[in-house]
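Each protein sequence line maps, in turn, to chains A and B. Numbering follows my numbering, with no gaps: position 222 of the first sequence is 255. Numbering follows my numbering, with no gaps: position 64 of the second sequence is 843. Don't be surprised by glycine CBs; every beta carbon is placed ideally from N, CA and C. Worksheet for the structure shown next.
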Amino acid sequence: MLSRRLIPCLDVRDGRVVKGVRFRDHVDMGDIVDLALRYRDAGADELVFYDIGASPEGRSVDYGWVERVSRLLDIPFCVAGGIRDVATARAVLHAGADKISINTPALERPALITELAQAFGVQCVVVGIDSVREADGQWRVRQYTGDPDKTRALTMRTLDWVVEAQERGAGEIVLNCMDSDGVRRGYDIEQLRQARALCRVPLVASGGAGEAVHFAEVFRQADVDGALAASVFHSGAIAIPELKQFLAAQAIEVRDGL
Amino acid sequence: MQVALIDAGGANIGSVRYALQRLGVEAELTTDAECIRAADRVILPGVSTAAMVMDGLRQRGLVEVLRTLRTPLLGVCVGMQLLFEHSEEDQTDCLGLLPGIVRKLPLAAGIRVPHMGWNGLARRRDASLIVGIGEGAHAYFVHSYAAPVSDDCLMSCEHGLAFAAVVQRGNVAGAQFHPERSADIGARLLNNFLETGLA
Chain A
34 MLSRRLIPCL
44 DVRDGRVVKG
54 VRFRDHVDMG
64 DIVDLALRYR
74 DAGADELVFY
84 DIGASPEGRS
94 VDYGWVERVS
104 RLLDIPFCVA
114 GGIRDVATAR
124 AVLHAGADKI
134 SINTPALERP
144 ALITELAQAF
154 GVQCVVVGID
164 SVREADGQWR
174 VRQYTGDPDK
184 TRALTMRTLD
194 WVVEAQERGA
204 GEIVLNCMDS
214 DGVRRGYDIE
224 QLRQARALCR
234 VPLVASGGAG
244 EAVHFAEVFR
254 QADVDGALAA
264 SVFHSGAIAI
274 PELKQFLAAQ
284 AIEVRDGL
Chain B
780 MQVALIDAGG
790 ANIGSVRYAL
800 QRLGVEAELT
810 TDAECIRAAD
820 RVILPGVSTA
830 AMVMDGLRQR
840 GLVEVLRTLR
850 TPLLGVCVGM
860 QLLFEHSEED
870 QTDCLGLLPG
880 IVRKLPLAAG
890 IRVPHMGWNG
900 LARRRDASLI
910 VGIGEGAHAY
920 FVHSYAAPVS
930 DDCLMSCEHG
940 LAFAAVVQRG
950 NVAGAQFHPE
960 RSADIGARLL
970 NNFLETGLA
């Protein structure tokens, strides 16, 4: 049976891993390759690197570190940040990334999803969605979330974008529920359940993990394929081997191969 | 040992090459027929679509080279799918080194396509290629199309239906999962391929 994936997310800025609370106030967490290998050894199933400065600053990721990570890492990893065209995506994949994730650029120009899917196959193309619940009770997408001063609210409803992104060729969707991000009160089960109902491709939950039980809840109640988290892993609040034991004890399928 | 890594335009060439480096082998990235014929081991990677990799092989004049190769050949992911007769992906005629048709994985309740993530392997028969890879070992898969479980299947996997995860017939072998991203299990498969050459 396919295992549920535990995915540490490493926000990258200026070649270092950083972490903020609700996307603000970034603190240095360490060297990219050191952290990547630490998570590999702990049994992480996959890693995501978000170059959070790339989109707001109008530049794409620097491939040097992608190649350094790929040389040493033997688990899959995905790279996000300022990938705006097929040529850039190709360079990132050639540097060794397994998947590319697009967020702001897909909202700027949705045809990019299709272009990438045609060039590399849908399995390489992840669409990241930053979502906020607004006063009218609707979830809507946000753009340029790497920099709070540049973040923009769009009229696009999150659930409509989940459907459109798949139609255009997304092979996986990472739904980042910004209201929950960094506050460790659990994943946004209600939003993820609604997204799951519309999502035929793998769905990864992001934002809100604080305790082991939150992972069990999101796998059970929202039936997501993977759960992404940053601060609880970086701080050591949750250790991946213990988390996997906890999930396995509740009959949630996880990879043991340590 | 000379290892030829075929550059047919797929995008995971870098990561396969690094995986081989971690095993102490410097593979030659090549599209040259002579270099491929002269190598001790040949690897056909491919993250892309079946049609695009086949077109790449055709443009570089490598289809016949691969069909007549006598040295051990390992296809990875789409590279494995191309070993079969035909792929439903863009209705692509493939190399035909193994009998069978590669079909799209069917959607079903709780079954998402692409099949993405770590899944358990089931052993079908013994072979040097899978020595040390136990029943239930997890490997990393990312694909939407899959080859059937036939007599050539060494290990199978299940996602909605059973499909071939590792295949071999004579000097031709393939892995549907990504050995370069399957941690110790993947390294073991690559190392078996390099050391025993499917013997």
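Heavy atom of the ligand ATP within 7 angstroms of residue i beta-carbon
i, result
"B:Pro851", "The ligand ATP is absent from the structure shown, which contains no ligands of any kind."
For residue j and residue i, the rounded distance between their alpha carbons
i, j, result
"A:Val246", "B:Pro878", "47 angstroms"
"A:Pro143", "A:Gln156", "17 angstroms"
"B:Ser866", "A:Asp182", "49 angstroms"
"A:Glu250", "A:Leu35", "18 angstroms"
"A:Ala272", "A:Arg38", "15 angstroms"
"B:Thr810", "A:Ala130", "22 angstroms"
"A:Pro109", "B:Tyr919", "8 angstroms"
"B:Gly889", "B:Leu802", "37 angstroms"
"A:Ile206", "A:Ala262", "15 angstroms"
"A:Asp256", "B:Ala830", "33 angstroms"
"A:Arg233", "A:Ile162", "16 angstroms"
"B:Pro958", "B:Leu861", "17 angstroms"
"A:Arg73", "B:Asp905", "29 angstroms"
"B:Asn970", "A:Gly154", "28 angstroms"
"B:Gln800", "A:Leu187", "46 angstroms"
"A:Val102", "A:Lys132", "14 angstroms"
"A:Leu208", "A:Phe266", "19 angstroms"
"B:Met780", "B:Gly835", "26 angstroms"
"A:Asp64", "B:Gln870", "45 angstroms"
"B:Val945", "B:Glu843", "23 angstroms"
"A:Ala168", "A:Met189", "15 angstroms"
"A:Asp44", "A:Arg71", "15 angstroms"
"B:Ile792", "A:Gln171", "43 angstroms"
"A:Leu231", "A:Asp193", "9 angstroms"
In DSSP terms, what residue i is bridged to
i, result
"A:Pro41", "A:Ala262"
"B:Lys883", "B:Tyr924"
"A:Arg123", "DSSP lists no partner for A:Arg123."
"B:Met934", "B:Arg902 and B:Val945"
"A:Lys132", "A:Cys111"
"B:Ala918", "B:Asn898"
"A:Val159", "A:Ser134 and A:Glu205"
"B:Leu853", "B:Ile822 and B:Ala952"
"A:Leu186", "Rather than Leu, the amino acid found at residue 186 of chain A in this sequence is Ala. Partner(s): A:Arg175."
"B:Glu805", "B:Glu805 pairs with nothing; no bridge assigned."
"B:Tyr865", "Per the sequence shown, the amino acid found at residue 865 of chain B is His instead of Tyr. The partner list for B:His865 (beta bridge, DSSP) reads B:Asp872 and B:Ile880."
"A:Phe82", "A:Leu43 and A:Val112"
"A:Arg49", "A:Arg46 and A:Asp64"
Beta-carbon neighbours of residue i, restricted to chain A and to distances below 9 angstroms
i, result
"B:Ser923", "Gly154, Val155, Gln156 and Gly204"
"B:Ala966", "Asp107"
"B:Leu886", "Arg233"
Of the listed residues the options, nearest to residue i (C-alpha basis)
i, options, result
"A:Ile40", "A:Ile271, A:Gly259, A:Glu141 and A:Val251", "A:Gly259"
"B:Gly953", "B:Arg839, B:Met831, B:Pro851 and B:Leu836", "B:Pro851"
"B:Gly858", "B:Gln955, B:Leu977 and B:Glu974", "B:Gln955"
"B:Leu876", "B:Asn898, B:Arg891 and B:Arg948", "B:Arg948"
"A:Gln199", "A:Arg185, A:Gly219 and A:Leu236", "A:Leu236"
"B:Asn950", "B:Leu799, B:Ser907 and B:Ala941", "B:Ser907"
"A:Val196", "A:Ile146, A:Ala284, A:Ile133 and A:Leu80", "A:Ile146"
"B:Leu940", "B:His894, B:Gln800, B:His917 and B:Cys814", "B:His894"
"A:Cys210", "A:Ala203, A:Gly204, A:Arg201 and A:Ile222", "A:Ile222"
"A:Thr137", "A:Tyr177, A:Asp214 and A:Phe279", "A:Tyr177"
"B:Val892", "B:Val881, B:Arg902, B:His922 and B:Asn898", "B:His922"
Neighbour list for residue i in chain A, Cβ cutoff strictly below 8 angstroms
i, result
"B:Thr871", "Correct list: empty, because the minimum Cβ distance to chain A is about 13 angstroms."
"B:His917", "Ser36, Arg288, Asp289 and Gly290"
"B:Glu807", "Result: empty, since nearest Cβ-Cβ is about 17 angstroms, beyond 8 angstroms."
"B:Ser929", "Within 8 angstroms Cβ-Cβ: nothing; B:Ser929 doesn't reach chain A, min ~23 angstroms."
Short CB-CB distance (under 8 angstroms) between residue i and chain B
i, result
"A:Gly129", "yes"
"A:Ser103", "yes"
"A:Ser3", "Lying outside 34 to 291, the shown extent of chain A, residue 3 of chain A is not represented and no answer is given."
"A:Asp214", "no"
"A:Val78", "For the record, residue 78 of chain A in the displayed sequence is Asp; it is not Val. Yes, contact with chain B."
Interface residues of chain B facing residue i [CB-CB closer than 9 angstroms]
i, result
"A:Val234", "Arg891, Val892, Pro893 and Met895"
Proximal chain B residues relative to residue i, where beta-carbon distance stays under 8 angstroms
i, result
"A:Asp84", "In chain order: nothing, as chain B lies at least about 18 angstroms away."
"A:Asp258", "Arg891, Met895 and Gly896"
Interface flag, residue i vs chain A, CB-CB below 8 angstroms
i, result
"B:Ala798", "yes"
"B:His865", "no"
"B:Arg960", "yes"
"B:Gly913", "no"
"B:Ser794", "yes"
Cross-chain neighbours of residue i in chain A, by beta carbon under 7 angstroms
i, result
"B:Ser827", "Phe153 and Gly154"
"B:Gly899", "Met34"
Between the region 838-849 of chain B and chain E, which residues of the former have CB atoms less than 9 angstroms from a CB of the latter, in chain order? Here the protein chains are A and B, and chain E is not one of them.
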